[in-house]
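Residue numbers (our numbering), protein chains in the order written: chain A, -10 to 160; chain B, 2 to 151.
For every residue, glycine included, the Cβ atom is placed at its ideal position computed from N, Cα and C.
Just so we're clear, the structure is a prediction, and the values are computed from it rather than from any experiment.
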Amino acid sequence: MKKYLAALICGFGAGVLQIVPFVKSFSCCMILPLAAFISLLLDQRATRNFGKIPMKKALLFGLFTGLFAALFGSVFELLITFITKNNDVIASFTDLQRIVQNLPLSEEIKKEVMNIFQSVREDILKNGFSILYTFSVILNNLIVNSIFGSVGGLVGAQIINSRLSNQSNGK
Amino acid sequence: MKRGYSLILFFLLLFWCLGIFVEWLTKIDEHFVFVLPYLQITYSLVCHQEKNKLLFFDGAGTLTCARCTGIYLGLLFSSLLVLVKLPKNKFHINILLFAALPIIVDVLFTTLNIYIYSKLLAFSTGLLLGSIGFFYLYAGLNNLILELKR
């Protein structure tokens, strides 16, 4: 576990940035790759090993950063939803309603989609919890964060290794 | 990297990019609307999804902002290029920094209200970073495969 402490710290940071209202609006596709990159830099400092980073290690660091971000992100998201009985799904309900109404769909399909969404909305408003919502949050966080973390790890290692190559070529 | 891996990468990126345009796809097959709420949550993890920054066409919008859409389409475009011709040269790190510079300047200038946010500019800066950034991801994956084969 200590080996991946840098990934844990950066994963926690990325998970929080994805959840906290207002800060969330600044989030973009670069947060997780950046977190993975920073975790590699932090690990280099902690271990005082400034040599080339093996890509396998970079991938694992990226993956763990993503998984930690998914873990913290999901827990905070579900906890905030449970306490406040409100979240983005509730807030975007009218938007989704408008989008679905504007799309050229049959009335039957529109009704079916809105029924599913309405049941999730009612569960959250009433209990602060919905199985469908919980499942989609956990699955989404796990898949998306681990992929983006891994990509960040690989690209980050390329950047760090390329910088080292440039330094050794310059000497 | 073998062409097979490049093909897998291309299809993964293609599916990711198709997800961004799911509202547009409902015009082809209305059943796509069932995945819309789920995909909205998916893409909210990687984009702020501010309504005034989404790309709209014929009433249907993208699930990511103009800049993120540009980045992903740039990645897809380069993955297609790699399928046609494998890159031989190593990319210097400065190229990636130069590709990221327009985004940094654009974000900074629009935040400081030096000029008004433009979807076209945001999309173009994203497209540039995505298409260049792909080659670093590609090189990283290539090195990973070589390392695992050893």
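query	result
Option nearest Val126 (chain A) by Cα separation, candidates B:Gln41, B:Ile146, B:Phe33, B:Cys66	B:Gln41
CB contact below 8 Å: Phe35 (chain B) versus chain A	yes
Proximity of Cys18 (chain B) and Cys18 (chain A) at Cβ, strictly below 8 Å	no
Residue range of the unbroken alpha helix (DSSP H) whose run includes Cys48 (chain B)	Unbroken run through Cys48 (chain B): none, as it is neither H nor E.
Spatially closest choice to Gly138 (chain A) from A:Gln90, A:Leu49, A:Ile(-2), by CA coordinates	A:Leu49
The segment 96 to 115 of chain A in contact with the segment 76 to 83 of chain A per 3-pair CB rule at 8 Å	yes
Phe57 (chain B), DSSP secondary structure in three states	strand
C-alpha distance - Ile9 (chain B) paired with Asn150 (chain A), whole-angstrom precision	26 Å
Thr112 (chain B): first and last residue of the uninterrupted alpha helix (DSSP H) it sits in	94 to 112
Residue-level contact to chain B via CB, Phe26 (chain A), 8 Å cutoff	no
Cα-Cα separation, Lys28 (chain B) to Tyr73 (chain B)	22 Å
Thr27 (chain B) (DSSP reduced to helix, strand or coil)	coil
Nearest to Phe104 (chain B) (by Cα), restricted to the options B:Ile133, B:Leu142, B:Gly141	Note on identity: in this sequence residue 104 (chain B) is Ile, with Phe being the wrong assignment. Comparing Cα-Cα distances from Ile104 (chain B) to each of B:Ile133, B:Leu142, B:Gly141, the minimum goes to B:Ile133.
Local conformation of Cys18 (chain B) per DSSP, three classes	helix
Reduced DSSP category for Cys66 (chain B) - H, G, I as helix; E, B as strand; rest coil	strand
Near-chain A residues of the segment 59 to 73 of chain B (beta-carbon distance less than 9 Å), N- to C-terminal order	Gly60, Ala61, Gly62, Thr65, Cys66, Arg68, Cys69, Ile72, Tyr73
Within 8 Å, strictly: CB atoms of Thr43 (chain B) and Asn129 (chain A)	yes
Proximity below 8 Å, CB of Trp25 (chain B) to CB of Ala67 (chain B)	no
Pick from A:Ile148, A:Thr70, A:Asp32 that is closest to Asn95 (chain B), judged by C-alpha positions	A:Ile148
Supposed close pair Ser95 (chain A), Glu31 (chain B) - CB separation, criterion 8 Å	6 Å
Chain-ordered chain B contacts of Phe106 (chain A) [CB-CB under 9 Å]	Pro38
His49 (chain B) versus Asn134 (chain A) - alpha carbon distance	15 Å
Neighbouring residues, chain B, relative to Val126 (chain A) (Cβ below 8 Å)	Ile42
Where the alpha helix (DSSP H) containing Arg151 (chain B) begins and where it ends	Arg151 (chain B) -> no alpha helix (DSSP H), and no H or E assigned at all.
Rounded separation between Lys99 (chain A) and Phe11 (chain B) - CA only	33 Å
Own chain, CB closer than 6 Å to Gly142 (chain A), minus 5 neighbours either side, in chain order	Ala25, Ala47, Leu48, Phe50, Gly51
Alpha-carbon to alpha-carbon, Ile120 (chain A) and Val47 (chain B)	23 Å
Close beta carbons around Gly40 (chain A), own chain, < 8 Å, minus the five adjacent residues each side	Leu153
Cβ neighbour criterion (16 or more within 10 Å) applied to Gln107 (chain A)	exposed
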